[in-house]
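The structure under discussion appears below in the form of structure tokens.
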Amino acid sequence: MKLGQFKVVVTVILTLLMGLSAAEAANKKALIKMRQPKKVSAVSKSWQREVVNDLYAATASAENMDSQLEPLMNASGFSFWQKWKRGIDEASLQRTFSKDLKGHLQIMATLFEKHAQYKKFDRVSEFEFQNLVRRSDYILSLPVSRAAIEKSMETAKFATDFKVALATYNKERVRFDSKVIQLAQK
Numbered sequence: 205m206k207l208g209q210f211k212v213v214v215t216v217i218l219t220l221l222m223g224l225s226a227a228e229a230a231n232k233k234a235l236i237k238m239r240q241p242k243k244v245s246a247v248s249k250s251w252q253r254e255v256v257n258d259l260y261a262a263t264a265s266a267e268n269m270d271s272q273l274e275p276l277m278n279a280s281g282f283s284f285w286q287k288w289k290r291g292i293d294e295a296s297l298q299r300t301f302s303k304d305l306k307g308h309l310q311i312m313a314t315l316f317e318k319h320a321q322y323k324k325f326d327r328v329s330e331f332e333f334q335n336l337v338r339r340s341d342y343i344l345s346l347p348v349s350r351a352a353i354e355k356s357m358e359t360a361k362f363a364t365d366f367k368v369a370l371a372t373y374n375k376e377r378v379r380f381d382s383k384v385i386q387l388a389q390k
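Numbering (the working numbering), first residue to last: 205 to 390.
In structure tokens form, the structure reads like this:
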């Protein structure tokens, strides 16, 4: 055998061996995967799915309000001429923000009710819920939020709807806070 032919034969044999070892490893990998127990989440209760959907809705509304806060804060800091020059309609921004805030308060009131009803969410949902409570507190504490609400309260229909939503939210929030305080005292 010539040296060139020998190199070709050795190359072919090595290629075959590597192919066989790769195929063997793939089979072993498949067998190992099949033998291992699969990590499957426990069957969740139907109410947890409802809670997750409400959490998604509340998170989306909070993020929407966060995105509205910057233009609203900027508009509140501008003079009349600056707003006119930039084409900013502060009253429209305030109405939109107030309407979205009313929706957010309604969703949060629903979440507070479910939290009281089910006593406890799963860990991820509980963490998300606590973050939403803090985020809602922050949004409600801003002077811009108060100004937007006061401006929108000039409309009678909105004023009655918002008062109902705020009263429901406050009632559920007070119940939640008293439960948290009771747990802290134990």
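Backbone N, C-alpha and C define an ideal beta-carbon position, used for all residues, glycine too.
Cβ shell of residue i (< 6 Å), same chain only, five flanking positions each side left out
i	result
Q272	F301
K318	V255
F362	S356
Residue i burial status per 10 Å Cβ neighbour count (16 or more: buried)
i	result
V247	Residue confidence is low: V247 scores 45 on pLDDT, short of 50, so the model does not pin down where it sits. Its coordinate-derived value is still stated next. V247 should be labelled exposed.
Q310	buried
S329	buried
Y342	exposed
L259	buried
A369	buried
Q240	Any reading at Q240 is ruled out, since the residue's pLDDT is 49, under 50, leaving its predicted position unreliable.
Proximity winner among the options, relative to residue i (alpha-carbon distances)
i	options	result
K322	T219, R253 and T215	Residue identity check: residue 322 is Tyr in the sequence provided, not Lys. When each option's Cα is compared against that of Y322, the closest is R253.
P347	V214, D258 and L276	L276
R339	L297, T263 and K211	T263
M269	T219, I217 and L344	L344
Y373	S296, K211 and L305	L305
V378	T359, S283, F284 and A320	A320
E267	N335, E354, V214 and V213	N335
Contact under 9 Å by Cβ, residue i with residue j
i	j	result
A313	E274	no
S382	K303	no
F366	V337	no
A352	Q298	yes
Neighbourhood of residue i by C-beta, 7 Å cutoff - its chain only, sequence neighbours within 5 removed
i	result
K287	A279 and E294
A371	none
Beta-carbon separation (whole angstroms), residue i vs residue j, contact threshold 8 Å
i	j	result
H308	S349	Contact flag wrong, Cβ pair sits at about 11 Å.
F325	F316	No, F325 and F316 are not in contact; Cβ-Cβ is about 12 Å, not under 8 Å.
I292	F284	Going by Cβ atoms, the distance from I292 to F284 rounds to 10 Å, so no, they are not a contact pair.
Check: residue i C-beta below 8 Å from any heavy atom of the ligand FAD
i	result
R339	Only the bare structure without any ligand can be found here, which leaves the ligand FAD out of the picture.
Sequence-distant residues of the same chain with beta carbon closer than 8 Å to residue i, five excluded per side
i	result
R290	F282
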